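Student:
Residue numbers (our numbering): 190 to 360.
1. So, under 8 Å CB-CB, residue 359 and residue 323 are touching, yes? Tell me the CB distance rounded to an integer number of Å.
2. In the structure shown, what three-state DSSP assignment does residue 249 receive?
3. Per DSSP, residue 327 is paired with what?
4. Nearest-angstrom Cα distance between residue 207 and residue 262?
5. Kindly identify the DSSP beta-bridge partner or partners of residue 299.
6. Provide the residue(s) that pair with residue 352 in DSSP beta bridges, ordered along the chain.
7. What residue from 234, 247 and 295 has the CA that sits closest to residue 349's CA?
8. I'd like to check one pair, residue 266 with residue 331: are the Cβ atoms closer than 9 Å?
9. Looking at the structure shown, is residue 361 part of a helix, part of a strand, or coil, going by DSSP?
10. Quick one: using the 10 Å Cβ neighbour count with 16 as the cut-off for buried, is residue 395 buried or exposed?
11. Beta strand (DSSP E) containing residue 274: first to last residue?
12. When burial is assigned at 16 or more other CB atoms within 10 Å of the CB, is residue 319 buried or exposed?
13. Could you tell me whether any Cβ in chain C is nearer than 9 Å to the Cβ of residue 357?
14. Considering only C-alpha positions, which residue in the set 292, 301, 293 and 273 is nearest to residue 286?
What follows is the structure in structure tokens.
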């Protein structure tokens, strides 16, 4: 009978405080930084190189946009609407389409697409370096399997472009 009054002294506010405390503790234990630290310690996080192709993006000056992106050196990446954070921008390759024709003499002639200059579009391959979890199912960034064909968004101080993953290499 002595235990009865002791439990009556615990109010609903004490119960709510205990639940909030447990939720805070769970948040600390399952935080992404802690999970990333544990994954890095176990060796499942490895450096990866990702190629993202961006095609047909309207830009007033595509070459200036590329120069600014390279000068910044980093870009934010969003994979299937899940922000991953910032990754290092290694290089940007121009992948402008080439026109190919065969002459009556049998020679193959190539030329840069003249419409690109008129339409002022960006066709580039962004080569990025970052860290990702490598598992049996592949490379995982931002909780998403990163495979060729995955839609991504790259964002810098002066640009936001949508692209498609065209290559993933584990270093």
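Beta carbons: idealized from backbone N, C-alpha and C, even for Gly. Please read these numbers as outputs of a predicted model, since none were measured by experiment.
Tutor: With the given structure in hand:
1. Looking up residue 359 in the chain shown gives position 170. Looking up residue 323 in the chain shown gives position 134. Correct: roughly 6 Å between the Cβ atoms.
2. Here residue 249 refers to the residue found at position 60 of the chain shown. Coil, per DSSP.
3. As a working note, residue 327 is residue 138 in the chain shown. The partner list for residue 327 (beta bridge, DSSP) reads 324.
4. Indexing the chain shown from 1 puts residue 207 at position 18. Indexing the chain shown from 1 puts residue 262 at position 73. One C-alpha to the other measures close to 46 Å.
5. Working through the chain shown from its first residue, we reach residue 299 at position 110. In DSSP, residue 299 forms a bridge with 289.
6. Taking the first residue of the chain shown as 1, we reach residue 352 at position 163. Among the bridge pairs identified by DSSP, residue 352 is matched with 341.
7. As a working mapping, residue 349 is identified with position 160 in the chain shown. Here the closest residue by C-alpha is 247.
8. The residue you call residue 331 lines up with position 142 of the chain shown. The residue you call residue 266 lines up with position 77 of the chain shown. Contact flag set, yes.
9. With the chain covering 190 to 360 only, the question about residue 361 has no answer from this structure.
10. Missing from the structure shown is residue 395; the chain here goes from 190 to 360 and no further.
11. Numbered from its first residue, the chain shown carries residue 274 at position 85. Element bounds for residue 274: 271–283.
12. Here residue 319 refers to the residue found at position 130 of the chain shown. Residue 319 should be labelled buried.
13. Note that chain C does not occur in the displayed structure, where there is just one protein chain.
14. Indexing the chain shown from 1 puts residue 286 at position 97. Comparing Cα positions, the closest option is 301.
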